[in-house]
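Below is one structure, written out as structure tokens; the observations come after it.
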Amino acid sequence: MKKLRGGGALPPKPKLIQMIRGFIGGFTSILLLGALGHLTGTPWLMAPFGATCVLLFAAPASPLAQPRNVIAGHLITSTVGLVALYGFGDSILVMSLAVGVSIMQMQYFRAVHPPAGANPLVIILAGQDVVGFDYLLAPVLIGSIALVAVASLINNCGEETKWPVYWHGFSRRKAK
66 MKKLRGGGAL PPKPKLIQMI RGFIGGFTSI LLLGALGHLT GTPWLMAPFG
116 ATCVLLFAAP ASPLAQPRNV IAGHLITSTV GLVALYGFGD SILVMSLAVG
166 VSIMQMQYFR AVHPPAGANP LVIILAGQDV VGFDYLLAPV LIGSIALVAV
216 ASLINNCGEE TKWPVYWHGF SRRKAK
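In structure tokens:
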């Protein structure tokens, strides 16, 4: 391991199979959502889903990449964004408040998913003419579930990985 200035070390380089899983997972996930959008005429892609793919396929053991965090995190923050937009408008103060409340709510519900922190900004910047409460169903809920489904397939290929690590707080790994 290479030492960093602060005394820490870089993480080890990933194995080739891990990088291939990351490529296939990210490619397949975004292609699936793009195809769903094309077929239904509903936009299924939102920028935070790209960041979600990074966690799901490059750091699948992270608590931030577990299904509960992905799905609930996106739902919580999108709900906060929509309530903020429709209740208080689109000022920078409202955006700031919505991001802060989103972080607090994800922490409270133990469903922290950093990419979802961008959802209030995406929603408020898009505006009421573009985003309505149906946005919670598609792309947020169904899109999150689709990403988790792809991650479940990709991350369970091979014998060294078992994903998810947990779902409703129950661990698949034995306590030591």
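In this note's numbering, the protein residues as written are 66 to 241.
Backbone N, C-alpha and C fix where the C-beta goes; we use that ideal spot for every residue, glycine too.
Where residue i sits in the DSSP three-state scheme
| i | result |
| --- | --- |
| Ala74 | strand |
| Ser156 | coil |
| Cys222 | coil |
| Ala176 | coil |
| Met111 | coil |
| Asp199 | helix |
| Gln83 | helix |
| Gly99 | helix |
| Lys241 | With a pLDDT of 44 at Lys241, under the threshold of 50, the modelled position of this residue cannot be trusted; read the value that follows with caution. In this structure, Lys241 counts as coil in the three-state DSSP scheme. |
| Ala216 | helix |
| Ser209 | helix |
Classification of residue i by the beta-carbon crowding that lies within 10 angstroms, buried from 16 upward
| i | result |
| --- | --- |
| Asn220 | buried |
| Trp228 | buried |
| His103 | exposed |
| Phe92 | exposed |
| Thr142 | buried |
| Ala74 | exposed |
| Ile189 | buried |
| Gln193 | exposed |
| Ser209 | buried |
| Trp232 | exposed |
CB contact below 9 Å: residue i versus chain D
| i | result |
| --- | --- |
| Gly90 | Absent from the structure is chain D; it holds one protein chain and no more. |
Rounded distance between the beta-carbons of residue j and residue i, thought under 8 Å
| i | j | result |
| --- | --- | --- |
| Ala176 | Arg133 | 6 Å |
| Ala211 | Leu98 | 6 Å |
Other residues of its chain near residue i: CB distance less than 7 Å, five sequence neighbours each side excluded
| i | result |
| --- | --- |
| Ala130 | Leu120, Leu121 and Ala124 |
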